[in-house]
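Contents: one structure, followed by commentary.
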Amino acid sequence: MTKISDYISKNARQNVVEAIKRANDNNEYHALLSLTEERALERADAVDRGEITGRLAGVPFVVKDNFLAFGAPTTAASRMLENFKAPLQATAVEKLEAEGAICIGKANLDAFAHGGSTENSAFGPTLNAYDKTKVAGGSSGGSAVVTALDIVPFALGSDTGGSIRQPASFNGVIGVKPTYGTVSRYGVVAMASSTDTIGCFATDAEDAELIMDIMAGKDDKDMTTLPDFFKPAEAKSGLKIGLIKDTMTDDVDPDVKQVTLDYVELLKAAGHTVDEVEMPIAKYALAIYYIVVPAEVSSNLARYDGIRYGHRAEGASTLAELYGKSRDEGFVTENKRRIMIGSYVLSSGFFDAYYLQAQKVRTLLVNEFNKLFEDYDVLIGPTTPTPAFGLGENVADPIKMYLADIMTVPASLAGLPAISVPAGKSTSGLPIGVQLVGPRRSDAELLALAKSVEKA
Amino acid sequence: MTTDEMLEKYDMTIGIECHVQLATTTKLFSGADNDARNREPNTVVNPIDFGLPGMLPVLNREAINLAIKAGKTLGSEIAHVSRFDRKHYFYPDLPKGYQTTQMYQPIIIGGLVEAPLEDGSIVKVHLHHAHLEEDAGKLTHDSTYSLVDLNRAGTPLIEIVSEPDMHSAAEAKAYATELYRLMTYAGVTRGDLYHGNMRFDVNISIAPKGATELGKRAEVKNLNSFRSVERAADFEFRRQVELLEKGERVVQETRGWDETLQKTNSQRSKEDAQDYRYMPDADIPPVVLTDEEIASVQADLPILPSAYRENWKALNLDSSVVNAVLNYQPVAVMLDAIVERYGATDIARRVFHWFASLQVNDQDVAAVESGLVGPQRLSELSMMLEDNKLSSTGAKEIFLDLFKEEYLGKMPAEIAESKNLLQVSDESAIGAIVDEVLADPASAKAVEDLKNGNDKVIGFLVGQVMKKSQGKANPALAQDLIRKKVL
Numbered sequence: 000m001t002k003i004s005d006y007i008s009k010n011a012r013q014n015v016v017e018a019i020k021r022a023n024d025n026n027e028y029h030a031l032l033s034l035t036e037e038r039a040l041e042r043a044d045a046v047d048r049g050e051i052t053g054r055l056a057g058v059p060f061v062v063k064d065n066f067l068a069f070g071a072p073t074t075a076a077s078r079m080l081e082n083f084k085a086p087l088q089a090t091a092v093e094k095l096e097a098e099g100a101i102c103i104g105k106a107n108l109d110a111f112a113h114g115g116s117t118e119n120s121a122f123g124p125t126l127n128a129y130d131k132t133k134v135a136g137g138s139s140g141g142s143a144v145v146t147a148l149d150i151v152p153f154a155l156g157s158d159t160g161g162s163i164r165q166p167a168s169f170n171g172v173i174g175v176k177p178t179y180g181t182v183s184r185y186g187v188v189a190m191a192s193s194t195d196t197i198g199c200f201a202t203d204a205e206d207a208e209l210i211m212d213i214m215a216g217k218d219d220k221d222m223t224t225l226p227d228f229f230k231p232a233e234a235k236s237g238l239k240i241g242l243i244k245d246t247m248t249d250d251v252d253p254d255v256k257q258v259t260l261d262y263v264e265l266l267k268a269a270g271h272t273v274d275e276v277e278m279p280i281a282k283y284a285l286a287i288y289y290i291v292v293p294a295e296v297s298s299n300l301a302r303y304d305g306i307r308y309g310h311r312a313e314g315a316s317t318l319a320e321l322y323g324k325s326r327d328e329g330f331v332t333e334n335k336r337r338i339m340i341g342s343y344v345l346s347s348g349f350f351d352a353y354y355l356q357a358q359k360v361r362t363l364l365v366n367e368f369n370k371l372f373e374d375y376d377v378l379i380g381p382t383t384p385t386p387a388f389g390l391g392e393n394v395a396d397p398i399k400m401y402l403a404d405i406m407t408v409p410a411s412l413a414g415l416p417a418i419s420v421p422a423g424k425s426t427s428g429l430p431i432g433v434q435l436v437g438p439r440r441s442d443a444e445l446l447a448l449a450k451s452v453e454k455a
Numbered sequence: 000m001t002t003d004e005m006l007e008k009y010d011m012t013i014g015i016e017c018h019v020q021l022a023t024t025t026k027l028f029s030g031a032d033n034d035a036r037n038r039e040p041n042t043v044v045n046p047i048d049f050g051l052p053g054m055l056p057v058l059n060r061e062a063i064n065l066a067i068k069a070g071k072t073l074g075s076e077i078a079h080v081s082r083f084d085r086k087h088y089f090y091p092d093l094p095k096g097y098q099t100t101q102m103y104q105p106i107i108i109g110g111l112v113e114a115p116l117e118d119g120s121i122v123k124v125h126l127h128h129a130h131l132e133e134d135a136g137k138l139t140h141d142s143t144y145s146l147v148d149l150n151r152a153g154t155p156l157i158e159i160v161s162e163p164d165m166h167s168a169a170e171a172k173a174y175a176t177e178l179y180r181l182m183t184y185a186g187v188t189r190g191d192l193y194h195g196n197m198r199f200d201v202n203i204s205i206a207p208k209g210a211t212e213l214g215k216r217a218e219v220k221n222l223n224s225f226r227s228v229e230r231a232a233d234f235e236f237r238r239q240v241e242l243l244e245k246g247e248r249v250v251q252e253t254r255g256w257d258e259t260l261q262k263t264n265s266q267r268s269k270e271d272a273q274d275y276r277y278m279p280d281a282d283i284p285p286v287v288l289t290d291e292e293i294a295s296v297q298a299d300l301p302i303l304p305s306a307y308r309e310n311w312k313a314l315n316l317d318s319s320v321v322n323a324v325l326n327y328q329p330v331a332v333m334l335d336a337i338v339e340r341y342g343a344t345d346i347a348r349r350v351f352h353w354f355a356s357l358q359v360n361d362q363d364v365a366a367v368e369s370g371l372v373g374p375q376r377l378s379e380l381s382m383m384l385e386d387n388k389l390s391s392t393g394a395k396e397i398f399l400d401l402f403k404e405e406y407l408g409k410m411p412a413e414i415a416e417s418k419n420l421l422q423v424s425d426e427s428a429i430g431a432i433v434d435e436v437l438a439d440p441a442s443a444k445a446v447e448d449l450k451n452g453n454d455k456v457i458g459f460l461v462g463q464v465m466k467k468s469q470g471k472a473n474p475a476l477a478q479d480l481i482r483k484k485v486l
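Pasting the structure below:
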């Protein structure tokens, strides 16, 4: 696979033309919803004329289609925003463009980022880069696949409960979900405000580090961004690493467990110590997640009402009908399911029993992580319980689909940095990822560790 | 049933929620201009107010400071940690599908407003809390369509929630009026009532005298004048008494005020109440304030009406006079400067009365604020009257002239001279006129009567002197001279 450095100092127009050709050649994967060819070529020419310079001058990339960006509609893979043209760009996109990077297209996702397979896209699923009968994972499935297919050296995603890490694992690329607040959420279609994070896919940890270094930082437009802290680091020696036993149960695919244990051996060989640790509260993480996140989803999707922009139903004769029909037609089933769950748990009389209770348990989860980080520098486990599952396999069973997030959700709820690194393959040749989780703001240390293992 | 009979049989209980539009430069969560007066619809709206996808609120620090000022003005406690929550409902004037407000941890806790009534008594109204929130936009309905204007969407408000401490329409009006004084003095709001800068929701219930439980309440929403607060409360009292007297029940509901018909009408009942699905807003970190931050904002507070009332106590003014001049902060500031200089004297007292009798308009206030009508001119004018250089009518005339465009900036003496209003206090000049009047045969009878001890006729003689002097003679001096010469 190519790296960012392979594109630097090349003719930018040629970089873009070739990337777009690769995108078109791989059309069958349905990883991209749109190409931003015209704008990409204009920017490439500006780079070639020396008008745009920077650390990513002329490097093509792709953004998940829930990032507001110029050159194509921002659809969030929904009928609701099918024709929505953003009047401004996400801070993350602006920062990359300021370094000369060139966005060539917008990647498929589960509509409004609700899902773990990209099958909830209103425009059809993305296929796994290694096996076209398998899912790409999600919700940032398109971004993972364009990186895995080497169409571009990196792509942007958003991760609310595993939406970067899980597809990264399914497609054999590195996926970075930073500490909550590391990268501005401004200009990214909101899913769940308290766990949404902006991260990236890359072919190795070094490239991921560069992209995170560029995107990270305080943004006056997002009050939840943290003061600048991200600094590329060198791997420390003799780290204390905890292998989370609760993620290595009999329910987990044997290949996944084996690949994880192999990675543990690599870490040990590099001079780190690895102990098994227990995290009993992890089993409640999914329950917390599917209360808190739908609650926030139901709130964040309230603005899509067909009044000011987005899909507006024809033929409504009352205001209630206009709302009802527009939202019915504009949202996919999974969107509606989460809106209903969220509205239910926030209802008067249920708020305390569900939402508040879930937030309390969430605090216990944070405390348990904090306690583990008193003794350990990094926690490790599989990113997903299985390799990529078959297309359509879990569609009829939302609970089974939700279970695919079981390993990734705890770090999201606690706001911790977590990365999925490609660690091996299953017997049937599907990629398997291992997840590294660190304390808040240890993002650069996690990437440094991944880098050192890659090199070993 | 007469009102008196009603009042004898029933108690009324009133609580008021008041929305105060904050005088910030920009909106609560965006950089859009916060003054949408006289602007074309939808021209003071940015992507955040519009609720575009991916937009995030950026809390306006100026709004926090004004909330602190408001709280400190209301004798409240300022929360060291307050938070924002989302209140959900669908309506076309609400771009995000929720209003950002403070449901669980408001910034202002408790407080007390001591509102003076016209009879000189005071009603003490405790406050439950006040919270920050954003305003919604505005809809204009036509028969076949509705228009949405989002200019006002995102405007910062504080909602001040009182305890049900008022028991008459007059008390409700007094509270609303004092709240207005406090909020405008503190600079919390521009106080433009016409443009809805302060809106009152008045909750009214009645119960038979001596009852231990409050009756079902009706909430009259969106009143924007003190008079309508009073009249709506009054109307509701009668309406509810009449219902009970007929053996019917008062239902808990929201009512509107019809300014034309001067009555309230039902809008929606409690049964239609929405479930707002309140939840914490994760996009806005908690507002954390230290004692030092609160103190530094408090240090900027101006003198409040209560302090002026205290300062002016020695003048022994009627409370209606004090309240009238307190309605306009620049007037109060100016009058206080006069009191400071002249103390509890007639010189100061007179200026208060002039102002209390003036129908003050915005232009007058501007003249005071700019200093064109200030302590110097007004005390000079008052002293001219004191020194008999002007008659009281002459002085009042010049007081009004001071605000007129043609005289703006002139000194009272100049105006008096140009209008020929100066009184003659020269003894020999007046003496000559007195002699003339006494020698006039028409005065002969009066002079005779005066000599015989009928003191009342002196008024007639003084009147003659005034007439002859074309009103310019000092009447007191004329009287003295008449007495001296006749007796």
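Residue numbers (numbering that gives the first Met the number 0), protein chains in the order written: chain D, 0 to 455; chain Y, 0 to 486. We put the CB at the ideal spot given by N, CA and C, even for glycine.
Check your understanding: Are the CB atoms of Ser120(D) and Phe388(D) nearer to each other than 9 Å?
Key -> Their beta carbons are not under 9 Å apart, which means Ser120(D) does not touch Phe388(D) by this criterion.
Check your understanding: Considering only C-alpha positions, which residue in the set Glu333(D), Ala312(D), Met339(D) is nearest to Arg326(D)?
Key -> Ranked by Cα distance from Arg326(D), the options Glu333(D), Ala312(D), Met339(D) are led by Ala312(D).
Practice item. Could you name each continuous beta strand (DSSP E) segment of 3 residues or more that falls completely within the stretch 322 to 404 of chain D, going from the start of the chain to the end? Key: Segments of the beta strand (DSSP E) lying fully in the stretch 322 to 404 of chain D: 377 to 381.
Practice item. Report yes if the CB atom of Ser81(Y) is closer than 9 Å to the CB atom of Gln104(Y), and no otherwise. Key: Contact: yes.
Review point. Cβ of Ala189(D) less than 9 Å from any chain Y Cβ?
Key: Using beta-carbon distances, Ala189(D) counts as an interface residue toward chain Y, with a partner under 9 Å.
Review point. Within 10 angstroms of its Cβ, does Thr246(D) collect 16 or more other Cβ (buried), or is it exposed?
Key: Around the C-beta of Thr246(D), 16 or more other C-beta atoms lie within 10 Å, and the residue is accordingly described as buried.
Exercise for review: Answer yes or no: do Lys388(Y) and Leu421(Y) have a C-beta to C-beta separation smaller than 9 Å?
Suggested key: Contact flag set, yes.
Point to revise | Rounded C-alpha distance that separates Thr52(D) from Leu40(D) | key: Their backbone Cα atoms lie some 15 Å apart in a straight line.
Review point. Closest Cβ-Cβ distance between Arg85(Y) and chain D: below 9 Å?
Key: The Cβ of Arg85(Y) sits closer than 9 Å to at least one Cβ of chain D.
Practice item. Using three-state DSSP, classify Ala232(D) as helix, strand or coil. Key: Looking at Ala232(D) - three-state DSSP - the assignment turns out to be coil, as it is neither helix nor strand.
Point to revise | Residues within the stretch 120 to 150 of chain Y neighbouring chain D, beta-carbon criterion of under 9 Å | key: For the stretch 120 to 150 of chain Y, residues whose beta-carbon sits nearer than 9 Å to a beta-carbon of chain D comprise Ser145, Val147, Leu149.
Practice item. Flag Arg461(D) as yes if its beta-carbon sits less than 9 Å from any beta-carbon of chain Y, otherwise no. Key: What the structure shows of chain D is the stretch from 0 to 455, and residue 461(D) is not part of that stretch, so it cannot be assessed.
Check your understanding: Is there contact between the stretch 158 to 177 of chain D and the stretch 386 to 405 of chain D, where contact requires at least three CB pairs shorter than 8 Å?
Key -> The answer is yes - the stretch 386 to 405 of chain D touches the stretch 158 to 177 of chain D, with three or more Cβ pairs under 8 Å.
Practice item. Determine, using beta-carbon pairs with one atom in the stretch 115 to 133 of chain Y and one in the stretch 155 to 163 of chain Y, whether at least three such pairs fall under 8 Å. Key: Because the criterion of three Cβ pairs below 8 Å is met, the stretch 115 to 133 of chain Y and the stretch 155 to 163 of chain Y touch.
Practice item. Assess, as a yes-or-no matter, whether the stretch 70 to 90 of chain Y is touched by the stretch 281 to 288 of chain D under the definition of 3 or more beta carbon pairs within less than 8 Å. Key: No, because fewer than three Cβ pairs between the stretch 281 to 288 of chain D and the stretch 70 to 90 of chain Y fall closer than 8 Å, the two stretches do not touch.
Practice item. Please go through the same chain and pick out, in chain order, the residues whose beta-carbon is closer than 6 Å to the beta-carbon of His271(D), but skip the five residues on each side of it. Key: Correct list, in chain order: Leu238, Ile240.
Practice item. Could you have a look at Gly423(D) and say whether DSSP puts it in helix, strand or coil? Key: Gly423(D) sits in a strand when the DSSP states are folded into three classes.
Review point. Listing by chain order, which chain Y residues have their CB less than 9 Å from the CB of Arg307(D)?
Key: Arg307(D) reaches chain Y at Phe49, Gly50, Leu51, Pro91, Pro94, Val147, Leu149, counting residues in chain order whose Cβ is nearer than 9 Å.
**Study point:** Same chain, Cβ closer than 8 Å to Lys215(Y), five either side skipped, listed in chain order
**Key:** Cβ-Cβ distances below 8 Å link Lys215(Y) to Ser204, Arg248, Val249, Val250, Gln251 in the same chain, with the five nearest sequence neighbours on each side left out; the list follows chain order.
Review point. Could one say the Cβ of Arg60(Y) lies closer than 9 Å to chain D's Cβ atoms, at least one of them?
Key: Residue contact check for Arg60(Y) against chain D: no CB pair falls below 9 Å.
Check your understanding: Does the distance from the C-beta atom of Pro301(Y) to that of Gln328(Y) stay below 9 Å?
Key -> When the beta-carbon positions are compared, Pro301(Y) and Gln328(Y) come within less than 9 Å of each other.
Review point. Exposed or buried, what is Pro166(D) when buried is set at 16 or more other beta-carbons lying within 10 Å of its beta-carbon?
Key: Around the CB of Pro166(D), 16 or more other CB atoms lie within 10 Å, so the residue is classed as buried.
Point to revise | For Lys183(D), the nearest candidate out of Thr196(D), Leu355(D), Ala191(D) (CA to CA) | key: It should be noted that the sequence gives Ser, not Lys, for residue 183(D). The residue with the shortest Cα to Cα distance from Ser183(D) is Thr196(D).
Point to revise | Other residues of its chain near Trp353(Y): CB distance less than 6 Å, five sequence neighbours each side excluded | key: Within the same chain, and ignoring the five residues on either side of Trp353(Y) in sequence, the residues whose Cβ sits closer than 6 Å to its Cβ are Phe398.
Check your understanding: What's the C-alpha gap between Phe83(D) and Leu108(D)?
Key -> For Phe83(D) and Leu108(D), the distance between alpha carbons rounds to 16 Å.
Check your understanding: So, is Gln362(Y) buried or exposed, given that buried needs 16 or more other C-beta atoms within 10 angstroms?
Key -> By the 10 Å Cβ count, Gln362(Y) comes out exposed.
Practice item. Apply the 10 Å Cβ neighbour rule to Asp274(D) and answer buried if 16 or more other Cβ atoms are within range, or exposed otherwise. Key: Counting other Cβ atoms within 10 Å of its Cβ, Asp274(D) stays below 16 and is therefore classed as exposed.
Review point. Between Thr1(D) and Pro384(D), what straight-line distance do the alpha-carbon atoms span, to the nearest angstrom?
Key: So the alpha carbons of these two residues sit roughly 29 Å apart.
Exercise for review: Please work out which residues of its chain come closer than 6 Å, Cβ to Cβ, to Leu316(Y), disregarding the five sequence neighbours upstream and downstream, and give them in chain order.
Suggested key: The answer, listed in chain order, is Phe351.
Check your understanding: In the DSSP assignment, what are the bridge partners of Asp24(D)?
Key -> Assignment of beta-bridge partners to Asp24(D) by DSSP yields no partner.
**Study point:** Classification of Ile456(D) by the beta-carbon crowding that lies within 10 angstroms, buried from 16 upward
**Key:** The requested residue 456(D) is not part of the displayed model; chain D covers only 0 to 455.
Point to revise | Cross-strand partners of His130(Y) (DSSP beta bridge) | key: The partner list for His130(Y) (beta bridge, DSSP) reads Glu158(Y).
Practice item. Note down, one range per segment and in chain order, each alpha helix (DSSP H) of at least 4 residues found wholly within the stretch 225 to 253 of chain Y. Key: With a minimum length of 4 residues, the continuous alpha helix (DSSP H) runs that stay inside the stretch 225 to 253 of chain Y are 225 to 244.
Practice item. Please classify Glu118(D): does DSSP put it in a helix, a strand, or coil? Key: Under the three-state reduction of DSSP, Glu118(D) is assigned to coil, being neither helix nor strand.
**Study point:** Spatial distance of Met400(D) from Lys71(Y) (CA atoms)
**Key:** If I take the Cα positions, the gap works out to 54 Å.
Review point. Does DSSP put Gln496(Y) in a helix, in a strand, or in coil?
Key: As shown, chain Y starts at 0 and ends at 486. That puts residue 496(Y) outside it, with no answer to give.
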